[in-house]
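Everything on this sheet refers to the single structure shown next.
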Amino acid sequence: MTPKITPVTEKDLATLHTLSIQTFTETFGRYNTDANMAIYLATSYAPDQLKAELTNSDSDFVFLHVNGQLAGYLKLNQGAAQSDDMGKDYLEVERIYIKSAFQHSGLGRTLITYAEEQAEKKHLTKIWLGVWEHNENAKAFYQRLGFHQTGAHDFFLGDEQQTDFIMEKELAN
1 MTPKITPVTE
11 KDLATLHTLS
21 IQTFTETFGR
31 YNTDANMAIY
41 LATSYAPDQL
51 KAELTNSDSD
61 FVFLHVNGQL
71 AGYLKLNQGA
81 AQSDDMGKDY
91 LEVERIYIKS
101 AFQHSGLGRT
111 LITYAEEQAE
121 KKHLTKIWLG
131 VWEHNENAKA
141 FYQRLGFHQT
151 GAHDFFLGDE
161 QQTDFIMEKE
171 LAN
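Per UniProt numbering, the sequence shown starts with residue 1, numbered consecutively.
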């Protein structure tokens, strides 16, 4: 299994749209109402919304392929594109999703390593992300990779207010 990371471009918008909905639904669909999922997916992953994010110079999307198959994607933000203003030294991992069929095979670690490399290239010293307070597997995964909880923020899924823990990792530059 050889992972390959490729940039997402505007021509990939339809694929990104489909993959975003699929992976978010696989990850969180069973924990939320159909109505709240529909609202969230229709707004956060609408083609116009994704296009705006793709064309933001402070955001980067990459696809992850394994043996020619699309396995997941990653969205990174810096500067004003960050979902919380963490400052100029931070790179945000806003979205990191792997299709369920490819999970538990080291691909999440591959994407986090890629994020760390991008931060270092940009001379950023810290990486942060938000993780749902009830996602025990993800929290443990990030802790194994050196992240620690530094706070929390609200996350709205449809009309439901949820809590995401903010986790950070300081990079050795």
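C-beta: ideal position from N, C-alpha, C; glycine also.
On a predicted model such as this, the values are computed, not experimentally measured, just so you know.
Use the C-beta contact count for residue 195: other C-beta atoms within 10 angstroms, 16 or more gives buried, fewer gives exposed. Residue 195 lies beyond the stretch modelled for the chain, which goes from 1 to 173, so this question has no answer here.
Would you decide whether S59 is buried or exposed? Buried here means 16 or more other CB atoms lie within 10 Å of its CB. The residue labelled residue 59 in the question sits at position 59 within the sequence shown. Answer is buried; the Cβ neighbour count reaches 16.
Here's the rule: buried if 16 or more other CB atoms are within 10 angstroms of the residue's CB, otherwise exposed. What is E101? As a working mapping, residue 101 is identified with position 101 in the sequence shown. The amino acid at residue 101 is misidentified as Glu; the sequence shows Ala. Exposed: under 16 other Cβ atoms inside 10 Å.
Mind listing, in chain order, the continuous alpha helix (DSSP H) runs of no fewer than 4 residues lying wholly within the stretch 71 to 133? 107 to 121
8 angstroms Cβ cutoff met for L16 and L50: Here residue 16 refers to the residue found at position 16 of the sequence shown. Here residue 50 refers to the residue found at position 50 of the sequence shown. For L16 and L50, yes; Cβs fall inside 8 angstroms.
For the stretch 91 to 109 against the stretch 124 to 138, do three or more pairs of beta-carbon atoms, one drawn from each stretch, fall closer than 8 angstroms, so that the two count as touching? yes
In the DSSP output, what is D154 paired with across the bridge? The residue you call residue 154 lines up with position 154 of the sequence shown. Beta-bridge pairing links D154 to T163.
Of the residues K169, T125, V62, Q69, the one placed nearest F141, counting alpha carbons only: Taking the first residue of the sequence shown as position 1, residue 141 is located at position 141. Comparing Cα-Cα distances from F141 to each of K169, T125, V62, Q69, the minimum goes to K169.
Taking Y48 as part of the beta strand (DSSP E), name the residues at either end of that continuous run. Residue numbering aside, residue 48 sits at position 48 when the sequence shown is read from its first letter. This sequence places Asp at residue 48; Tyr is not what is there. Looking at the DSSP string, D48 is not in any beta strand (DSSP E); the run it does join, the alpha helix (DSSP H), is 47 to 54.
Would you mind working out which of Q143, D89, L74 sits nearest Y114, comparing C-alpha positions? Translated into the one-based positions of the sequence shown, residue 114 becomes position 114. Checked all of Q143, D89, L74; the closest Cα to Y114 is L74.
Buried or exposed (CB count within 10 angstroms, at least 16 for buried), Y31: Against the sequence shown, residue 31 aligns to sequence position 31. Its Cβ having fewer than 16 others within 10 Å, Y31 is exposed.
Using DSSP with H/G/I as helix, E/B as strand and the rest coil, what is D34? Counted from its first residue, the sequence shown places residue 34 at position 34. Of the three classes helix, strand and coil, the one that applies to D34 here is helix, per DSSP.
Can you pull the DSSP bridge partners for K169? Reading the sequence shown from its first residue, position 169 is the one you call residue 169. DSSP lists I127 as the bridge partner or partners of K169.
With 16 other Cβ atoms within 10 Å as the buried cut-off, status of S20: The count along the sequence shown starts at 1 and reaches residue 20 at position 20. Counting Cβ neighbours within 10 Å, S20 comes out buried, since at least 16 surround it.
Using the rule of at least 16 other Cβ atoms within 10 Å of the residue's Cβ for burial, across every protein chain shown, is E136 buried or exposed? The residue given as residue 136 occupies position 136 in the sequence shown. Exposed, by the Cβ-count rule.
If I'm right that H153 touches D164 with Cβ under 8 angstroms, what's the distance once you round it to whole angstroms? Along the sequence shown, read from residue 1 onward, the residue named residue 153 stands at position 153. Along the sequence shown, read from residue 1 onward, the residue named residue 164 stands at position 164. Right, the Cβ-Cβ distance comes to about 6 angstroms (below 8 angstroms), so this counts as a contact.
Give the secondary structure of F61 by DSSP, where H, G and I count as helix, E and B as strand, and everything else as coil. Counted from its first residue, the sequence shown places residue 61 at position 61. Looking at F61 - three-state DSSP - the assignment turns out to be strand.
Check whether the Cβ atoms of T110 and L171 sit closer than 8 angstroms, and answer yes or no. In the sequence shown, counting from the first residue as 1, residue 110 sits at position 110. In the sequence shown, counting from the first residue as 1, residue 171 sits at position 171. No.
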